[in-house]
Amino acid sequence: MNWMELGTATVAIVLAAVFILAAVIAYRSWVELCSPKDRMGIKIDRNGRHRYQPVPQPDVEQVRLWTQLFIAVLTAIITLSSLHYLFLRD
């Protein structure tokens, strides 16, 4: 393995790390946007009285689980392909 291959593999690993970091940051900001504590609805009755109620969001936990699983699988694929290129390439 010469220095050119080592440099290419290093760049691939760094790009994978940057992608992972960006995905985690995007996921965290998305979770904050979808938080039910931030979503409120106003109910107004016929007499003009109003009250605030949180807007229900069903299956948010399941979406979070699948998003985390997708990020983990994508991270593993990118990292393993970079390591394969670095150590097992002929």
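Residue 55 in the working numbering is what sits at position 54 of the sequence shown, and the numbering runs on without skipping anything.
The beta carbon of each residue, even a glycine, is placed where N, CA and C say it ideally should be.
Computed from a prediction, not measured in an experiment: that's the story for all the values here.
>> Among the candidates Ile72, Arg52 and Gln54, whose CA atom is the shortest distance from the CA of Leu22?
In response: Taking the sequence shown and counting its residues from 1, one reaches residue 22 at position 21. Comparing Cα positions, the closest option is Ile72.
> CA-CA distance, Leu89 and Leu66?
Replying inline: The residue labelled residue 89 in the question sits at position 88 within the sequence shown. The residue labelled residue 66 in the question sits at position 65 within the sequence shown. Cα to Cα, Leu89 sits roughly 33 Å from Leu66.
> Do you know how far the Cα of Leu84 is from the Cα of Ala77?
Replying inline: As a position in the sequence shown, residue 77 is number 76, starting the count at 1. As a position in the sequence shown, residue 84 is number 83, starting the count at 1. Whole-angstrom Cα-Cα distance: 10 Å.
>> I'd like the list of long-range same chain contacts for Ala13, defined as Cβ closer than 7 Å, with 5 residues on each side in sequence excluded.
In response: Locating residue 13 in the sequence shown gives position 12, where the first residue counts as 1. If you ignore the 5 residues before and after Ala13, its C-beta comes within less than 7 Å of the C-beta of Ser83 and Tyr86, all in its own chain and listed in chain order.
> Can Ala17 and Ile79 be called in contact, C-beta distance under 8 Å?
Replying inline: If you number the sequence shown from 1, residue 17 lands on position 16. If you number the sequence shown from 1, residue 79 lands on position 78. Going by beta carbons, Ala17 and Ile79 fall inside the 8 Å limit.
>> I need the boundaries of the beta strand (DSSP E) containing Gly49, first residue and last residue.
In response: Mapped onto the sequence shown, residue 49 falls at position 48. First-last for Gly49: undefined, no H or E at that position.
> Looking at C-alpha atoms only, which residue of Ala24, Ile45, Arg50 and Tyr53 is the closest neighbour of Gln69?
Replying inline: Indexing the sequence shown from 1 puts residue 69 at position 68. When only C-alpha atoms are compared, the closest one is Ala24.
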